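*Asks:*
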Amino acid sequence: MVRSAPRSRRKASPIGNNDLWIAAHAKAAGLIVVTNNEREFRRVPGLQVRNWAMKRRTA
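So the sequence shown is residues 1 to 59, counted in full-length UniProt numbering.
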């Protein structure tokens, strides 16, 4: 289950309801969230997040 932290512990604004639903579903199903909004989703502990819009360095 994904929950937002109590207000006293939050450093930023709370995660939006829709993003929380997406995060909860992805985490429960063991899926990776692919988004350009990494900052929002990285706040969910244990959630795998990928940003395909970012350019990756090649070796």
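The beta-carbon is built from N, C-alpha and C at its ideal position, and this holds for glycine as well. From a predicted model like this one, the values you see are computed outputs, not experimental measurements.
Look at the Cβ atom of R50, then the Cβ atom of I15, and state whether they are nearer than 9 Å.
*Replies:* Taking 9 Å as the Cβ cut-off, R50 and I15 do not qualify as a contacting pair.
*Asks:* At what residues does the alpha helix (DSSP H) containing R39 begin and finish?
*Replies:* First-last of the alpha helix (DSSP H) with R39: E38 to F41.
*Asks:* Compute the Euclidean distance between the alpha carbons of A26 and K55, then round it to the nearest angstrom.
*Replies:* If I take the Cα positions, the gap works out to 24 Å.
*Asks:* Between the C-alpha atoms of A28 and S13, what's the straight-line distance to the nearest angstrom?
*Replies:* Approximately 24 Å, taken between the alpha carbons.
*Asks:* Using the three-state DSSP reduction, which class does I22 fall into: helix, strand or coil?
*Replies:* I22 falls in the helix class under three-state DSSP.
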